[in-house]
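Q: Sequential numbering of the first sequence, starting at 580, is according to this note's numbering. Next up is a structure, given as structure tokens.
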Amino acid sequence: MGRAPCCDKANVKKGPWSPEEDAKLKEYIDKYGTGGNWIALPQKAGLKRCGKSCRLRWLNYLRPNIKHGEFTENEDRVICGLFANIGSRWSIIAAQLPGRTDNDIKNYWNTKLKKKLMAAAAPVLQAQENFVGPPQNYQIKDNLLMFGSEASCSSSDGSSNNLINHGNGEREYEYGGNYGEVQMGGLQQSFLYNGNIDGNQRFMISNGDGDVNGNWIQKQNGEIKKI
DNA sequence: AACTCCCCCAACCGCAACCTG
DNA sequence: CCAGGTTGCGGTTGGGGGAGT
580 MGRAPCCDKA NVKKGPWSPE EDAKLKEYID KYGTGGNWIA LPQKAGLKRC
630 GKSCRLRWLN YLRPNIKHGE FTENEDRVIC GLFANIGSRW SIIAAQLPGR
680 TDNDIKNYWN TKLKKKLMAA AAPVLQAQEN FVGPPQNYQI KDNLLMFGSE
730 ASCSSSDGSS NNLINHGNGE REYEYGGNYG EVQMGGLQQS FLYNGNIDGN
780 QRFMISNGDG DVNGNWIQKQ NGEIKKI
């Protein structure tokens with residue numbers, strides 16, 4: 580036996596909400612609250628909708644103090660900073676931006692902000708494209724080819740350290756990888772980047788302090804992906 | 001004007017976490 | 001502790017509409 584469906588799929592309406600449905604839902608919740616039970620709510624409110632659909636509509640659109648429209652530079656900064664540190668934890672990011680929903684931020688990131696950031700990162704990626712082979716003193720650590728430290732950044736957990744193999748049995752750890760900085764709408768965004776052993780390149784968005792607890796981003800088959 | 005392409009965003013889906021009896 | 005129900009989350013989809021030809 581499979582999982583029980585959350586509602587009778589044959590009897591629920593799907594797709595965009597009509598103004599009448601919005602009004603019904605809003606009126607019901609204004610009057611009675613959600614009652615702590617979204618599954619039962621649509622029937623009580625006289626809606627032919629799945630409880631999950633009602634919840635989503637309320638949280639993302641109908642609830643008071645929802646902010647729609649353009650994101651500000653400051654909101655951009657908050658999203659970039661948090662994404663670099665915690666990744667796609669949209670609900671946590673949304674909690675830092677009053678009036679914004681996780682869905683809103685997710686859409687904004689996927690459609691606009693990511694592109695903005697990638698465009699800003701283009702010089703860094705281009706530098707990696709131009710990388711033709713391991714430099715004389717390349718290093719290998721955890722299957723990653725690390726090369727040419729020009730570093731001025733450091734890592735609190737040591738995760739970005741280069742391992743320098745001097746070839747005579749002597750090994751040395753060194754802070755940092757290749758390091759770049761770009762300006763993005765008033766935001767100073769820094770990047771740590773290196774190449775790995777299969778010839779792909781990857782980079783990491785770091786925060787303004789040069790810490791690199793973010794997510795590695797890599798070009799795979801021509802596409803930029805988080806790894 | 002008609003058509004195609006592409007972007008954006010609201011909404012859906014599946015799953016994991018949480019809650020409750 | 002366990003099982004079933006519910007909620008919350010993040011990835012994905014698809015339709016509307018604007019831009020380009």
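We put the beta carbon where it would ideally sit given N, CA and C, even for glycine.
1. For A698, which residues of its own chain have a beta-carbon under 7 angstroms away from its beta-carbon, when the five flanking residues on both sides are left out?
2. Look at the alpha carbon of L724 and the alpha carbon of K627, and state the distance between them as a whole number of angstroms.
3. Just how far apart, CA to CA, sit V657 and I665?
4. Between T613 and the ligand NAD, is the CB less than 7 angstroms from at least one heavy atom?
5. Are the beta-carbon atoms of L676 and I684 separated by less than 8 angstroms?
6. Going by DSSP in three states, C659 sits in which element: helix, strand or coil?
7. Work out the CA separation of G660 and Y611 for me, nearest whole Å.
8. Where do the ends of the alpha helix (DSSP H) carrying L635 lie?
9. Below 8 angstroms between beta carbons: does that hold for A624 and L641?
10. Check whether the Cβ atoms of T690 and N639 lie closer than 8 angstroms to each other.
11. Buried or exposed: where does G615 fall if 16 or more other Cβ atoms within 10 Å of its Cβ makes it buried?
12. Comparing C-alpha positions only, which one of G648, S667, A602 sits nearest to C633?
A: On the basis of the data shown:
1. Walking along the first sequence from the start, residue 698 turns up at place 119. Closer than 7 angstroms at Cβ, skipping near neighbours: no residue.
2. Working through the first sequence from its first residue, we reach residue 724 at position 145. Working through the first sequence from its first residue, we reach residue 627 at position 48. Residue placement at L724 cannot be trusted, given a pLDDT of 36 that sits under 50; what the coordinates show is reported in the next sentence. Their Cα atoms are separated by approximately 57 angstroms.
3. Translated into the one-based positions of the first sequence, residue 657 becomes position 78. Translated into the one-based positions of the first sequence, residue 665 becomes position 86. Computed Cα separation, rounded: 12 angstroms.
4. Absence of the ligand NAD is noted for the structure shown, with no ligands found whatsoever.
5. What you label residue 676 is simply residue 97 of the first sequence in a count that begins at 1. What you label residue 684 is simply residue 105 of the first sequence in a count that begins at 1. Yes; because the gap between Cβ atoms is below 8 angstroms, this pair is in contact.
6. In the first sequence, the residue the question calls residue 659 occupies position 80. Note: C659 maps to helix in three-state DSSP.
7. The residue given as residue 611 occupies position 32 in the first sequence. The residue given as residue 660 occupies position 81 in the first sequence. Y611 and G660 have their C-alpha atoms some 39 angstroms from each other.
8. For the purposes of this step, residue 635 is taken as residue 56 along the first sequence, with counting starting at 1. Judged by DSSP secondary structure, L635 falls within the alpha helix (DSSP H) whose first and last residues are 630-636.
9. Position 45 of the first sequence, counted from the first residue, corresponds to residue 624. Position 62 of the first sequence, counted from the first residue, corresponds to residue 641. Cβ atoms of A624 and L641: not closer than 8 angstroms.
10. If you number the first sequence from 1, residue 690 lands on position 111. If you number the first sequence from 1, residue 639 lands on position 60. Inclusion of T690 and N639 in the CB contact set at 8 angstroms is not warranted, their separation being larger than that value.
11. Translated into the one-based positions of the first sequence, residue 615 becomes position 36. Exposed.
12. To locate residue 633, count along the first sequence from 1; it is residue 54. Residue nearest to C633 within the set G648, S667, A602 is A602 (criterion: CA-CA distance).
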